[in-house]
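J.: Chains B and S, in that order, give the protein sequences.
So the first sequence is residues 1 to 400, counted in full-length UniProt numbering.
So the second sequence is residues 1 to 400, counted in full-length UniProt numbering.
Built from N, CA and C at the ideal position, the CB exists for glycine as well.
Number of protein chains: 2
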Amino acid sequence: MTGAPARSTATRERLARAYLLRVAEPPAAALSAFVGRHGPVAAAAAVRSGDCPERVRDETEARRDFDRAEEDLAAGERLGARLVIPEDDEWPAWPLLCLDLATCRGVPGVAQPIALWARGEPRLDESTQAAVAVVGARAATGYGEHVAGEIAYGLAGQEFSVFSGAAYGIDGAAHRGALAADGVTVALLGCGLDAGYPAGHVVLLNKITEKGGLVLSEYPPGTAPARHRFLVRNRLIAALSQGTLVVEAGRRSGARNTATTAGALGKVVMAVPGPITSAMSTGCHELVKENRATLVTSLEDVVENVGKLGVPLPEKARPRRSTDRLGPDALRVHEALDRREGKSAERVAVESGVSLGRVRGLLPELELDEFVERCESGWRQAGRRRARQEETRDRRKEGR
Amino acid sequence: MTGAPARSTATRERLARAYLLRVAEPPAAALSAFVGRHGPVAAAAAVRSGDCPERVRDETEARRDFDRAEEDLAAGERLGARLVIPEDDEWPAWPLLCLDLATCRGVPGVAQPIALWARGEPRLDESTQAAVAVVGARAATGYGEHVAGEIAYGLAGQEFSVFSGAAYGIDGAAHRGALAADGVTVALLGCGLDAGYPAGHVVLLNKITEKGGLVLSEYPPGTAPARHRFLVRNRLIAALSQGTLVVEAGRRSGARNTATTAGALGKVVMAVPGPITSAMSTGCHELVKENRATLVTSLEDVVENVGKLGVPLPEKARPRRSTDRLGPDALRVHEALDRREGKSAERVAVESGVSLGRVRGLLPELELDEFVERCESGWRQAGRRRARQEETRDRRKEGR
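1) Taking only three categories from DSSP, how would you classify L188 of chain S?
2) Mind listing, in chain order, the continuous beta strand (DSSP E) runs of no fewer than 3 residues lying wholly within the region 61-117 of chain B?
3) Can you tell me the Cα-Cα spacing of L296 of chain S and Y153 of chain S, whole angstroms?
4) Counting contacts by CB-CB distance shorter than 9 Å, is G353 of chain S in contact with chain B?
5) Would you call the CB atoms of A133 of chain S and V162 of chain S closer than 9 Å?
6) Roughly how many angstroms lie between the CA atoms of R119 of chain S and L216 of chain S, to the nearest whole one?
7) What would DSSP say about A164 of chain B, mapped onto helix, strand or coil?
8) In this structure, how does DSSP classify G243 of chain B when only helix, strand and coil are distinguished?
9) For a quick check, are the C-beta atoms of T60 of chain B and A33 of chain B less than 9 Å apart?
10) If we count Cβ pairs, one from each stretch, closer than 8 Å, do we get three or more for the region 351-359 of chain S versus the region 327-336 of chain S?
11) Helix, strand or coil for S217 of chain S, going by three-state DSSP, please let me know.
12) Would you tell me roughly how many angstroms separate the C-alpha atoms of A10 of chain B and A46 of chain B, rounded to the nearest one?
13) Hey, could you find the ends of the beta strand (DSSP E) C375 of chain B is sitting in?
14) Report back the beta-carbon spacing between L20 of chain S and A42 of chain S to the nearest angstrom; my notes put them in contact at under 8 Å.
15) Check the Cβ of P275 of chain S against every Cβ in chain B and list those closer than 7 Å, keeping chain order.
16) Give the interface partners of T223 of chain B over in chain S, defined as CB-CB distance under 8 Å, in chain order.
17) Shorter than 9 Å from the beta carbon of D194 of chain S to some beta carbon of chain B?
18) Given a cut-off of 9 Å, decide if A167 of chain S and H146 of chain S are closer than it, judged by their beta-carbon atoms.
19) Would you tell me roughly how many angstroms separate the C-alpha atoms of E304 of chain B and S253 of chain B, rounded to the nearest one?
20) Per DSSP, residue 401 of chain S is paired with what?
21) Can you check whether the CB of L15 of chain B is closer than 9 Å to the CB of V56 of chain B?
22) What are the residues of the region 60-91 of chain B that lie near chain S, defined by any Cβ-Cβ distance shorter than 7 Å?
23) Residues in the same chain with beta-carbon distance under 8 Å from E13 of chain S, minus the five sequence neighbours each way, listed in chain order, please.
24) Let's see if you can read the secondary structure: which residues bound the alpha helix (DSSP H) around G142 of chain B?
25) In angstroms, rounded to a whole number, what distance separates the CA positions of A195 of chain B and K267 of chain S?
26) Would the beta-carbon of G283 of chain S fall within 9 Å of that of A255 of chain S?
27) Is it true that the region 218-231 of chain S meets the region 244-252 of chain S, where meeting means three or more beta-carbon pairs spaced less than 8 Å apart?
28) Can you check whether the C-beta of G109 of chain B is within less than 9 Å of a C-beta belonging to chain S?
29) Residue range of the beta strand (DSSP E) that A10 of chain B falls in?
30) Starting from the beta carbon of A174 of chain B, find every residue of chain S whose beta carbon is closer than 9 Å, and list them in chain order.
31) State yes or no: is the C-beta of R48 of chain S within less than 9 Å of the C-beta of D72 of chain S?
32) By alpha-carbon positions, which one of S:P26, S:A131, S:E70, S:R22 ends up nearest to L231 of chain S?
33) I want to verify the contact list: residues of chain S whose CB lies under 8 Å from the CB of P328 of chain B, in sequence order.
34) Which residues bound the beta strand (DSSP E) around R380 of chain B?
35) DSSP on K289 of chain B, reduced to helix/strand/coil?
36) Can you give the Cα-Cα distance for V302 of chain S and L245 of chain S, rounded to whole angstroms?
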């Protein structure tokens with residue numbers, strides 16, 4: 001930045017990072033660490049001159065003469081996008097910390113991004129405060145899209161941001177579900193913000209930014225989509241959310257890759273089951289079988305797993321039959337009785353195989369609890385009506 | 001048996017156990033232990049006279065005057081059934097041992113049966129040597145019945161006996177699947193063998209015995225079905241098989257009870273997932289979430305889990321893409337290349353972001369492995385045909 005002495009530090013840092021973002025194909029572990037040590041301006045100068053450690057040179061040598069930082073920032077502005085850099089208040093330093101920790105532990109390919117291109121109103125850090133990634137197969141089934149949409153809708157309704165990758169299938173259904181609940185949804189792309197990819201989701205991406213969501217990418221404007229970029233992008237989906245939910249995934253899929261990365265980053269990984277006859281659920285089932293993901297079957301499960309603090313979990317509604325809490329003898333006595341005709345204690349003893357003494361002790365207990373009643377000819381089961389009243393009373397007791 | 005001094009010991013034991021089976025409603029833990037200590041003949045005499053420990057008296061007092069042993073054995077004979085007793089060679093002592101162990105550990109309601117009524121040709125002990133229980137909801141879905149039938153068919157084809165409870169839904173589909181493979185299937189009833197229950201499965205039960213299977217019950221002829229008897233019966237399904245597979249189950253169901261019992265008996269418990277939108281899969285999903293069952297999605301999974309010895313497992317067919325084993329740089333170089341047009345190493349370096357030196361090293365390596373090829377204008381991706389040849393060669397190398 002030698003030619004621009006009048007520029008503010010902030011501008012120089014942004015220009016330096018824009019340059020570095022284009023010079024190195026992410027994830028650039030050595031460069032990322034180099035920038036961390038020396039700051040973006042000095043690091044950019046060193047990279048440009050080639051006067052940098054060999055590993056940094058390896059990552060930057062091929063494109064180091066491509067200084068299009070000014071153009072990129074201008075192009076971003078035309079797209080309504082900003083370059084969010086670690087020096088900005090909205091940089092999500094805390095969620096991205098897991099990338100450094102994983103890199104230190106030797107996990108490959110999860111280096112920090114140098115900066116992130118962002119389109120949309122919300123502050124990036126705020127949108128990651130309570131965030132769940134909902135990802136899955138492009139060739140999703142109707143079942144998978146339904147589930148993704150419903151869970152994303154529910155998450156958005158509970159103030160979670162829904163992160164996904166803007167692909168067809170599950171990703172699209174997740175974004176749409178969050179939008180339908182007027183929630184915040186964040187799309188992470190594996191190409192430039194202007195790539196118009198996937199073509200059928202250009203309208204969806206515009207809608208996301210118009211309706212209070214974010215579209216993010218670490219790739220400069222003009223970068224074309226590529227398979228390796230989607231894999232690289234997946235680490236950001238995993239890092240920026242508290243947990244990753246895989247709704248449908250084939251045996252080999254990008255969604256499984258996101259799940260594996262999320263696991264390596266120490267994040268919660270969840271998978272939705274489906275019919276074993278559906279190839280689109282195979283990846284989810286394998287994640288569970290390999291203990292890489294927790295099986296979840298409802299919005300409540302997802303919320304419980306990502307553990308949003310301060311939000312009380314709705315108690316699970318468990319259907320209960322009133323005789324459930326009876327002991328084995330009491331159950332046998334109860335079943336030996338008839339609904340209409342009365343029976344003597346002696347007959348109940350013979351039919352139930354419970355000793356007469358015990359039957360004589362149990363019948364009044366069961367009467368107290370309104371399971372049985374006396375009648376002219378002996379004992380009989382109490383009517384259904386009573387059992388139902390009893391259930392209602394119980395629920396009231398339990399405050400439901 | 002004082003009135004029959006001429007009878008053989010075997011007959012006296014059988015009569016004593018027939019008497020005890022009717023006198024005590026199973027599971028009769030105290031009686032079972034008492035018979036184990038004193039033998040059936042002495043135990044029966046003690047029970048009949050009332051001169052026995054209080055806990056045994058509690059279990060037998062109500063019916064101790066009902067001596068219908070002779071009639072029961074005659075009724076069994078008319079039904080084509082035999083009373084299998086622990087003194088018989090075919091008694092499945094080894095699988096039933098888990099009931100004693102669990103009872104010792106304090107698991108309630110899992111006492112040894114006093115004897116078992118059996119209809120059908122196979123020896124009971126042999127039918128339990130490699131056995132899997134396939135159980136599930138009565139109100140099963142088409143999906144559940146399909147899966148139960150297919151897995152039972154496959155198990156029978158691999159010489160496993162298929163145990164189940166003869167109920168509508170999953171149980172019936174499991175029995176039918178095993179029959180279709182000409183395998184051994186065993187139905188355990190919660191009523192007498194002559195109860196004709198469930199009514200719609202009388203034909204199925206006859207078919208099971210005609211086609212080399214077994215129908216079993218610990219209830220004497222004439223015993224009516226009852227809810228508590230199905231729960232008590234479930235312990236035998238669990239005990240007599242190496243593992244229990246739950247195919248579909250509502251949140252509360254007998255199948256869940258069988259699974260829980262199987263777990264308490266130290267047996268393998270497996271559950272098949274299904275759509276989270278299906279109430280009939282809820283019980284299976286809960287078993288997995290509560291770590292009470294292992295998720296299984298195929299016949300191979302089931303066989304692997306019950307661990308039949310001596311049968312080699314079919315290797316899982318994993319689809320593989322030929323570029324999968326490339327490192328990140330090689331993958332980027334490969335993706336920067338075109339299928340038709342050639343590119344120079346310099347251009348590949350810029351487009352992939354990999355340093356020129358590394359690109360120059362990688363291209364010949366990739367060429368050796370037939371991922372890329374030289375052409376007039378530089379380097380391009382090798383044709384699909386080659387990649388396919390390469391996969392074939394690999395498979396040959398791996399001996400598949």
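T.: To lay it out plainly:
1) Here DSSP, grouped into helix, strand and coil, assigns L188 of chain S to strand.
2) Whole beta strand (DSSP E) segments, 3+ residues: 81-84.
3) The question names Leu, but residue 296 of chain S in the sequence shown is Val. Each residue's Cα considered, the two are about 16 Å apart.
4) With respect to chain B, the C-beta atom of G353 of chain S has a partner C-beta closer than 9 Å.
5) Cβ distance < 9 Å, so A133 of chain S and V162 of chain S count as in contact.
6) Distance between the alpha carbons of R119 of chain S and L216 of chain S is about 6 Å.
7) First, the residue type needs correcting, since residue 164 of chain B is Ser and not Ala in the sequence shown. Correct three-state label for S164 of chain B: strand.
8) The answer is strand: DSSP assigns G243 of chain B an E or B state.
9) The answer is no: Cβ separation not under 9 Å.
10) Between the region 351-359 of chain S and the region 327-336 of chain S, the count of C-beta pairs closer than 8 Å reaches three or more; the two stretches touch.
11) Here S217 of chain S sits in strand by DSSP.
12) Distance between the alpha carbons of A10 of chain B and A46 of chain B is about 19 Å.
13) From DSSP, the beta strand (DSSP E) with C375 of chain B extends over 372-375.
14) That pair is no contact at about 11 Å.
15) The answer, in chain order, is Y143, G274, P275.
16) Chain S residues near T223 of chain B: none, gap ~10 Å exceeds 8 Å.
17) Chain B contact via Cβ: absent.
18) No. Outside cutoff.
19) Distance between the alpha carbons of E304 of chain B and S253 of chain B is about 26 Å.
20) This structure does not reach residue 401 of chain S, given that chain S is present from 1 up to 400, and the question cannot be answered.
21) No, the pair does not count as a contact, with Cβ atoms beyond the cut-off.
22) Those would be E61, A62, R63, in chain order.
23) The residues are G39, P40, V41, I85, E87.
24) The continuous alpha helix (DSSP H) containing G142 of chain B extends over residues 142-157.
25) Approximately 56 Å between the Cα atoms of the pair.
26) With contacts defined as CB atoms closer than 9 Å, G283 of chain S and A255 of chain S qualify as a contacting pair.
27) In short, these stretches do not touch, since the Cβ pair count stays below three.
28) By this cut-off, G109 of chain B is an interface position.
29) Unbroken run through A10 of chain B is the alpha helix (DSSP H), 9-23; no beta strand (DSSP E).
30) Residues of chain S with a Cβ closer than 9 Å to the Cβ of A174 of chain B do not exist; the shortest Cβ-Cβ separation is about 15 Å.
31) Judged by their CB atoms, R48 of chain S and D72 of chain S are not nearer to each other than the 9 Å cut-off.
32) Checked all of S:P26, S:A131, S:E70, S:R22; the closest Cα to L231 of chain S is S:P26.
33) Within 8 Å Cβ-Cβ: P108, G109, H228.
34) In the DSSP assignment, R380 of chain B falls within the beta strand (DSSP E) that extends over 378-381.
35) Helix at K289 of chain B.
36) The alpha-carbon atoms of V302 of chain S and L245 of chain S are separated by roughly 8 Å.
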